[in-house]
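Notes follow once the structure below has been shown.
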Amino acid sequence: MDKQQRHKVLQSLMWDYSVSTGDMEELLDGKIDKAGHYTREKLFAKMLTGLPWFTIIRILPVENVKAMLTDEVIGALWPKSVQKQYEYVRKRLQEALPDTR
-12 MDKQQRHKVL QSLMWDYSVS TGDMEELLDG KIDKAGHYTR EKLFAKMLTG
38 LPWFTIIRIL PVENVKAMLT DEVIGALWPK SVQKQYEYVR KRLQEALPDT
88 R
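Counting with the numbering used here, you get residues -12 to 88 for the letters of the sequence shown.
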């Protein structure tokens, strides 16, 4: 996904708050700790509930998605069925991309 498309997608995600796409990108890239009132985890949770899965993995490297799919993020998702869906996704990513430590 090119930078212009990524900006459009992130901008559409923030329809309810005034957070710049530049700040969102820096937050997702780990360069800053907050964008508006969003932490990286809260923004990622918003992405999981507001964007199609295949859009998310075009915006973020799959390794980053795997690392950010924590209990905290999954627990913040609503409804429960979405939590179950992403618990399954996390399990599959852990199987497909085992830690190399």
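Ideal Cβ positions, reconstructed from N, Cα and C, are used throughout, including at glycine.
Put simply, the backbone Cα of Tyr75 is about 10 Å away from that of Val69. For Trp40, the enclosing alpha helix (DSSP H) covers residues 40 to 46.
Burial state of Val60 is buried, judged by a 10 Å Cβ sphere holding 16 or more other Cβ atoms. Counting along the chain, Asp3 sits inside no alpha helix (DSSP H), nor does DSSP assign it H or E at all.
Just so you know, the alpha carbons of Gly37 and Ile19 end up roughly 22 Å apart. For Val52, the closest of Arg77, Pro66, Leu(-3), His(-6) by C-alpha to C-alpha distance is Arg77. Under the DSSP assignment, Gly37 falls in the alpha helix (DSSP H) whose first and last residues are 27 to 37.
Within the segment 45 to 69, the alpha helix (DSSP H) runs of at least 4 residues that lie entirely inside it are, in chain order, 49 to 55, 58 to 62.
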